[in-house]
Amino acid sequence: MCGIVGYVGEKEAAPLLVEGLKKLEYRGYDSAGMATISEKKVLIEKDVGKIEEVDKKVNFKSMKGKIGLAHSRWATHGDVTKENAHPHTSMKEDISIVHNGIIENFADIKKKVGKEGHTFSSDTDTEAIVHLIAAHHEGNLKEAVLKALNELEGAYALGIISSKEPHTLIAARNESPLIIGVGEGENFIASDVPAILEHTKKIIYLDNGEIGVLTKDNVDIFDLEGNKVEKKIHTIEWTVEKAEKGGFDHFMLKEIFEQPSVISETVEGRISEDSIDLNGKTGFTSEEMKRIKRIIIVACGTSWHAGLVGEFMIEELAKIPVEVEYASEFRYRDPIVEKGTLIIAISQSGETADTLAAIRHAKKKGAKILSIVNVKGSSIARESDIVLYTKAGPEIGVASTKAFTTQLIMLYLMTVEIGHVLGHTNDQQVKNRIRDLRLLPLQIQSMLDERKNVHTLAKKFIEKAHALYLGRGINFPIALEGALKLKEVSYVHAEGYPAAEMKHGPIALIDKNMPVVVIATKDDRTYKKVLSNIQEVKARGGIVIAIASKGDRDIKKCVDYILPVPQNSYILTPLLAVVPLQLFAYYVAVLRKHDPDKPKNLAKSVTVE
Ligand code: M6R
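Numbering (our numbering), first residue to last: 321 to 929.
Here you go:
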């Protein structure tokens, strides 16, 4: 939720930290701050607001020092105030820390160090940590940190510096993501790769219960007993350009536009003209597939919507029963996990706390875990038995777009392959499915080229306070996703509903002020039924925007506006229907003068419960 970046090296830390922090702003943006060490003193600047606003006030780059920490906050404990912004410091102002996570026993720690004379200047849980480290400090920072960590309960990613050891940067992790970037004559810590990608592609993933001790030339990792741990250095494939806006006004728009290419990248190396290969490095073998008797998909938000589409695909083509669960609910239930139950976790970030807890819960019950994840080496990926990586590249916009479409692609590949292995799809059908898939990038591109129509339509709806999204069958989750996109970036209240359910309640809301977005692509299953649902809306004066198949003349007669999508097989229509809905939400947000990349109250990775 919060973003952390830290540096130790030969360069001035502040310019580098502020640039890194901007790349992490998607994680939280209510306050920002920085600490450096210069002339054996800890310097701190922090305030309320987005990084650029805070920077204008305090001029981060004027802070001297070749070691430092920076933080963008997403408040959990304590209001959004300057005092509660990070970094926090010890009373002697010699130790400074930044934190992402929640310390559950902070009240006990506060009481304990309070008795020893420590006074607090913020309402945060974080400040308890720095006082605890100070209380244990007897000349060795690492030892003091280890002692403090052994008393902490809860989640943390921490960056710690001290003017007493001005060349050492300490990182610590439990449940909140933190990586170490290994450079030449410099080393980094960060909550996520984009913050340091410009400087190094060599990454060490800290595991829970590990601390990193970094100097400019060295990185050592220890467990909480102080034993040295050998860690692998991974090389990241993402490029700097992929984490930049690249000429677009917002990351969200850039990421919507990247969909044709990231779909191609996700299938690259996994399909030939007539076959799908998911085995490769992932180990998702035919034998594994044959063992599956039942699937439970766990995910949150947009990834949960991908799971609902997956349910439809898998039951239809692979004939395996599927349930889709909110990870946040699943983790507190007593689910039945029998032999042959496969848990599929879907997550862009691979760090969503609820999804991570759900897979741990299922693992305890003996389930096998397969995850569909975008961020390499993330916690969910590391804790899964099988990982299918989507290749969406860094997704910076808080609203998930390209990650969603690549999740659908991965579910599709998986479904077709399982269906083939289990004998429900023959060789020719596999070939046809691959052919359909290959059409997608160009079809999506053609819709992006027509974006002006969506922009024009968005202009007509910027004053509306509510919207209803309807879909049926495999496109019902797309109605949910369209509504979520509109809600989160433009703050318009929107609800997604199965079209036929409308008459059981929501129809009461329909009048001339209610825009109703209906996914009504042509197919031989529900199309005619959806047309009837549209008539029901029109009969009550509702305004209908139809996501309809290109060239559909029938629908023209009964709706107010059409956003056309190209035709493909029914099972792939969600990948097409979602694109105009993403664009619509984006344009409504921008026209209402909101920043779609940083919707209020939201954070990109939800690493707390
Ligand atoms: O990283 P994850 O896919 O696990 O994230 C899950 C949700 O937090 C995420 O999809 C969220 O709903 C997005 N803001 C939706 O655009």
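All residues carry an ideal CB built from backbone N, CA and C; glycine is no exception.
beta-carbon residue i near the ligand M6R non-hydrogen atom, thresh 8 Å
i, result
"Thr672", "yes"
"Val582", "no"
"Thr675", "yes"
"Cys620", "yes"
"Val926", "yes"
"Ile729", "no"
"Val898", "no"
"Val858", "Checking the sequence, you will find Lys at residue 858 rather than Val. It does not: the Cβ of Lys858 is nowhere closer than 8 Å to a heavy atom of the ligand M6R."
"Ile499", "no"
"Leu804", "yes"
"Ala723", "yes"
"Ala909", "no"
"Ser496", "no"
"Ile666", "yes"
"Ser699", "no"
"Ile433", "Rather than Ile, the amino acid found at residue 433 in this sequence is Val. Result no, Cβ not under 8 Å from the ligand M6R."
"Leu760", "no"
"Glu575", "no"
"Glu373", "no"
"Ala840", "no"
"Ala820", "no"
"Arg829", "This sequence places Leu at residue 829; Arg is not what is there. Answer for Leu829: no, Cβ out of range of the ligand M6R."
"Leu708", "no"
"Ser623", "yes"
"Glu808", "yes"
"Leu901", "no"
"Val718", "yes"
"Ser669", "yes"
Among the options, nearest to residue i - alpha-carbon criterion
i, options, result
"Pro497", "Ser669, Gly589 and Asn470", "Ser669"
"Glu473", "Asn507, Phe426 and Lys462", "Phe426"
"Val549", "Thr555, Ile541 and Ile556", "Ile541"
"Ile516", "Arg614, Ala677 and Glu339", "Glu339"
"Asn547", "Gly479, Leu466 and Leu489", "Leu466"
"Ser392", "Ile616, Lys386, Lys370 and Gly385", "Lys370"
"Glu471", "His681, Ile423 and Ser358", "Ile423"
"Asn318", "Lys536, His681, Asp705 and Thr725", "Since the displayed the chain opens at 321 and closes at 929, residue 318 lies outside it and no answer follows."
"Gly459", "Thr846, Glu485 and Glu770", "Glu485"
"Glu504", "Arg912, Lys832 and Lys331", "Lys331"
"Ala352", "Lys360, His625, Glu359 and Glu365", "Glu365"
"Val718", "Glu649, Lys711, Thr555 and Lys924", "Lys924"
"Glu593", "Pro818, Pro761, Val400 and Val750", "Val750"
"His519", "Arg680, Ile616 and Glu561", "Glu561"
"Tyr811", "Lys784, Lys876 and Glu608", "Lys784"
"Val642", "Leu526, Leu662 and Pro655", "Leu662"
"Thr559", "Lys711, Gly743, Val864 and Lys361", "Lys711"
"Gln902", "Leu573, Lys402, His487 and Ala701", "Leu573"
"Leu271", "Gly388, Tyr346 and Glu359", "The requested residue 271 does not occur in the structure, where the chain is confined to residues 321 to 929."
"Ile480", "Ile415, Glu447, Arg493 and Val707", "Ile415"
Straight-line gap, residue i to residue j (C-alpha atoms, nearest Å)
i, j, result
"Leu690", "Leu598", "12 Å"
"Val328", "Val513", "17 Å"
"Gly861", "Arg792", "21 Å"
"Asn420", "Glu821", "42 Å"
"Glu703", "Ala355", "34 Å"
"Ser442", "Gly686", "44 Å"
"Gly713", "Thr675", "20 Å"
"Asp569", "Pro835", "27 Å"
"Val582", "Leu733", "15 Å"
"Val885", "Val809", "23 Å"
"Val644", "Lys552", "35 Å"
"His554", "Ser511", "16 Å"
"Leu788", "Ala803", "7 Å"
"Thr605", "Arg873", "46 Å"
"His625", "Leu762", "24 Å"
"Glu463", "Glu413", "19 Å"
"Val400", "Arg651", "30 Å"
"Lys386", "Asn538", "15 Å"
"Lys807", "Asp543", "43 Å"
"Glu608", "Val450", "48 Å"
"Ser482", "His457", "11 Å"
Expected contact under 8 Å - CB spacing of residue i and residue j to nearest Å
i, j, result
"Ile324", "Ile509", "7 Å"
"Ala799", "Leu790", "5 Å"
"Gly529", "Ala491", "No, Gly529 and Ala491 are not in contact; Cβ-Cβ is about 13 Å, not under 8 Å."
"Ile754", "Ile591", "5 Å"
"Val774", "Tyr881", "That belief does not hold up - the Cβ atoms of Val774 and Tyr881 are roughly 10 Å apart, past 8 Å."
"Ala665", "Ala678", "7 Å"
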